[in-house]
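Counted from 1, the first sequence has number 400 at position 401 by numbering that gives the first Met the number 0; the numbering is strictly sequential. Below is one structure, written out as structure tokens; comments come after it.
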Amino acid sequence: MATSQMKTIGAGMLRTEHAGDTVTLAGWVARRRDHGGVIFIDLRDASGVVQVVLNPEDAPASEEILHGLRSEYCIQIIGTVRPRPEGTTNEDLPTGAVEVVGETLNVLSPSAPLPFQIDERVDVDETLRLRYRYLDMRRTRMAENLRARSKAIGAMRRVMDRDGFLEVETPTLIVSTPEGARDMLVPSRLRPGNFYALPQSPQLFKQLLMIGGVERYYQVAKCYRDEDFRSDRQIEFTQLDFEGSFWGQDDVLAVLEQIVAEVVMELRGEVIELPLLTMTYAEAMDRFGTDKPDLRFGMEIVDLSEVFSTTEFKAFAGVLESGGSVRGINAGQLGLSRSGLDGLVSRAQELGAKGLVWMVVEEDRSLRSPVAKFLSDEELEAIKTSLNCDPGDTLLIAADDARIVGKVLGQLRLDVGQPENNDELVFAFIVDFPVFDVGEDGSLSPAHHPFTNPGDLDVLVNSPERAVSKAYDLVLNGTELGSGSVRIHDPEVQGKVFEVMGISAQDAETRFGWFLEALRYGTPPHAGFAIGIDRFVSILRDEPNIREIIPFPKTQTGADPLTGSPSRVDEEQLFELGIDIRPETRATWVDEDDRGEGEGAAET
RNA sequence: GGGGGCGUGGUGAAGUCUGGAGUUCACGCCGGCCUGUCAAGCCGGAGGUCGCGGGUUCAAAUCCCGUCGCUCCCGCCA
0 MATSQMKTIG
10 AGMLRTEHAG
20 DTVTLAGWVA
30 RRRDHGGVIF
40 IDLRDASGVV
50 QVVLNPEDAP
60 ASEEILHGLR
70 SEYCIQIIGT
80 VRPRPEGTTN
90 EDLPTGAVEV
100 VGETLNVLSP
110 SAPLPFQIDE
120 RVDVDETLRL
130 RYRYLDMRRT
140 RMAENLRARS
150 KAIGAMRRVM
160 DRDGFLEVET
170 PTLIVSTPEG
180 ARDMLVPSRL
190 RPGNFYALPQ
200 SPQLFKQLLM
210 IGGVERYYQV
220 AKCYRDEDFR
230 SDRQIEFTQL
240 DFEGSFWGQD
250 DVLAVLEQIV
260 AEVVMELRGE
270 VIELPLLTMT
280 YAEAMDRFGT
290 DKPDLRFGME
300 IVDLSEVFST
310 TEFKAFAGVL
320 ESGGSVRGIN
330 AGQLGLSRSG
340 LDGLVSRAQE
350 LGAKGLVWMV
360 VEEDRSLRSP
370 VAKFLSDEEL
380 EAIKTSLNCD
390 PGDTLLIAAD
400 DARIVGKVLG
410 QLRLDVGQPE
420 NNDELVFAFI
430 VDFPVFDVGE
440 DGSLSPAHHP
450 FTNPGDLDVL
460 VNSPERAVSK
470 AYDLVLNGTE
480 LGSGSVRIHD
490 PEVQGKVFEV
500 MGISAQDAET
510 RFGWFLEALR
520 YGTPPHAGFA
530 IGIDRFVSIL
540 RDEPNIREII
550 PFPKTQTGAD
560 PLTGSPSRVD
570 EEQLFELGID
580 IRPETRATWV
590 DEDDRGEGEG
600 AAET
């Protein structure tokens, strides 16, 4: 007969009201305090921690077993809850008013010595944490992050369900449409030489759902983009993807507001003020040099072209003559040394600027700067006025192509700026994105996928660089949480957009013919959005990167230190898939044997 | 593709600039003592190819070259 090991209550839930109860607990030895006689065990399970008292005189187990308990042994305790004796309560512990007197102890599973301590008195190297993620998630940081992630998704589902959205799963083995990010590919065994792609997003499938009359769809969707990693980018990530028929932009933003409010309430217990701030792309670029401004602090970009319109300073004059712009920010009281200021110059160059002018406002309000001697008194005064200077302020001025100036100052603003209150959450919708990004050489590249409603068709065709699409982003504290758009529902408009984007009719037919065909059957106007769950939760949890929010993330080189993926596969597997493994091809592969002694996969 | 940072007993750090015995600190681990602790305490002990390879030197954790791994950033992410 099977023996139940079921718990009767979570360790972390015990309170004085349970005094006298006999309970069955099961969990892990978080800490043991073995006094030779009596032993205290901090027993941890998913609900929290409670102190268990093991007195050998009560013989809950043999002396050998009692004194043999070690960290992270998985044990079961049957015992009685009682208030702690006078003077021994622990105010720091939710269960600190009670303890469980162990009457039976069963070791369910001993633990090998740990590769790192579960208590969080030191930060452990992240590769080691990932290699032993199952131990890492016994720590409060990861345990709480997993919980927060689950609660966030739950809150999102509540909003979706409340508003009558249908949850639909779309395939993850789909056709490759090699635009935008690189596709992750999966070879087909039944059709050798052919490949599936993993979706970068469920974009076209959710549009098919609209055509299919679903009207309101959502999905917690895994998405894949084979690009380089960043602290907020993994090749595999999760989005809340949703779409609605007979919708315009305002309908989407209204749903987003509900989602944002619900999630923030769930994770932070805070009320978010609605409606959220809305700013056009043009305004964001102008004031903050980026389409994802961090609005927790000011330090706005100020146009100084007027100030220098007749300047003798050649570097600025030349830029203005050739149609560029001179702009600056007041970076406030930085108090940087000369090398610190030089560091900003290097950073500006890294970002594409030819240089950066810094000025420090002295106590007597004069400007200390390597270029001050080239500027007239009037210009120096105008700078101070335009940038609203106080003594001690550091001013940063860049002159270049307007796009570069914005990018450089926008990034420097983030590098040196500090929100007054780090816990603050400032959301913003950025709307009216251009259809095309204009390159330095004037070339146009699509700013969004080609299914985005391009607004006025005449403008699109006649002056595409000025075309404004019905696309919008949601930004939180300088991070893009997600983006969406009103889609094209007219096949003729879709064809026109392909044409303007340089995709020939024949190309479009080959790649997207199946979709263009679908558009012809009474497609409802529709709009939608996708919000990055990992990013959103990482900000709400104040985590510096999304790996802390993803249960089993990959390293920057796309490896999983726990399982050893990606891994070589048998030649036989490749042969079945019809993949060529000629020796000269294989020679270019990374061979595990050549990989030094690094922290490889766990050996088994 | 490019730039910066890091790699030292099981963990975290100091030592590296300015070469001189694997030195130090905290935690963990093992053993002993210990019946009210809660980061238990006290005593004792084990444990390291200083990521790897090469070079310079009488001598390398330390300097030089290469390489691997991790990380942050630029490019990239329609």
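Ideal Cβ positions, reconstructed from N, Cα and C, are used throughout, including at glycine.
From 482, 463, 465, pick the residue whose C-alpha is nearest to that of residue 472; which is it? 482
So, does the segment 392–408 touch the segment 332–346, judging by three or more C-beta pairs under 8 Å? Contact between the segment 392–408 and the segment 332–346 is present, because at least three Cβ pairs lie under 8 Å.
Rank 196, 168, 165 by C-alpha distance to the C-alpha of residue 180 and give the top, closest one. 196
For the beta strand (DSSP E) containing residue 324, name the first residue and the last one. 324–329
Counting along the chain, where does the alpha helix (DSSP H) carrying residue 490 start and finish? 490–499
Using a Cβ-Cβ cutoff of less than 7 Å, which residues in the same chain neighbour residue 361 once the five nearest sequence positions on both sides are dropped? 367, 390
Residues of its chain near residue 591, where Cβ-Cβ distance is below 7 Å and the 5 sequence neighbours each way are ignored: Caution applies to residue 591, whose pLDDT of 44 falls short of 50 and renders its modelled position unreliable; the value that the coordinates give is listed next. Counting only Cβ-Cβ distances below 7 Å, and skipping sequence neighbours, we find 567.
Whole angstroms are fine: how far does the CA of residue 201 sit from the CA of residue 510? Each residue's Cα considered, the two are about 16 Å apart.
Cβ shell of residue 95 (< 6 Å), same chain only, five flanking positions each side left out: 88, 89
Taking Cβ positions, are residue 312 and residue 373 nearer each other than 7 Å? yes
So, with DSSP's three-state summary, where would you put residue 396? strand
Would you mind sorting residue 263 into buried or exposed? The rule is 16 or more other CB atoms within 10 Å of its CB. buried
Span of the beta strand (DSSP E) holding residue 57? Element bounds for residue 57: n/a, residue is neither H nor E.
At least three beta-carbon pairs within less than 8 Å, the segment 414–421 to the segment 461–468: At 8 Å Cβ cutoff, the stretches do not touch.
Classify residue 155 as buried or exposed, calling it buried when 16 or more other Cβ atoms lie within 10 Å of its own Cβ. buried
Does the structure place the segment 447–457 close enough to the segment 489–501 that three or more beta carbon pairs sit under 8 Å? yes
Measure the C-alpha to C-alpha separation of residue 532 and residue 199 and round it to an integer number of angstroms. 15 Å
Do the CB positions of residue 518 and residue 385 come within less than 7 Å of each other? no
Ignore the nearest five residues each way along the sequence and tell me which others in residue 348's own chain have a CB closer than 8 Å to its CB. 354, 355
Helix, strand or coil: which one does DSSP assign to residue 66? helix
Hey, out of 122, 77, 474, whose CA is closest to residue 295's CA? 474
With 16 other Cβ atoms within 10 Å as the buried cut-off, status of residue 359: buried
So residue 406 and residue 340 are supposed to be a Cβ contact under 8 Å. How far apart are they, rounded? About 20 Å; that fails the 8 Å criterion.
Which whole runs of the beta strand (DSSP E) in the segment 168–217 are 3 residues long or more, in chain order? 183–186, 194–197, all fully within the segment 168–217.
Minimum C-alpha distance to residue 575 - residue among 229, 187, 528, 23: 187
Would you kindly work out how many angstroms separate the C-alpha atoms of residue 525 and residue 245, rounded to a whole number? Pairing residue 525 with residue 245, the inter-Cα distance amounts to about 5 Å.
Straight-line CA distance for residue 414 to residue 230? 15 Å
Output the boundary residues of the alpha helix (DSSP H) element that contains residue 409. 401–415
What span of residues does the alpha helix (DSSP H) with residue 338 cover, start to end? 337–349
Following the continuous beta strand (DSSP E) through residue 30, name the residue where it begins and the one where it ends. 21–33
Between the C-alpha atoms of residue 7 and residue 75, what's the straight-line distance to the nearest angstrom? 11 Å
Could you give the DSSP three-state label for residue 440: helix, strand or coil? coil
When you compare each of 426, 551, 556, 242 to residue 213 by their alpha carbons, which one comes out closest? 242
4-residue-minimum alpha helix (DSSP H) runs that sit fully inside the segment 460–535, ordered along the chain: 490–499, 504–518
Identify whether residue 136 lies in helix, strand or coil by the three-state DSSP scheme. In the structure shown, residue 136 sits in coil (DSSP, three-state: anything other than H, G, I, E or B).
Assigned exposure category for residue 17 - 16 Cβ within 10 Å defines buried: buried
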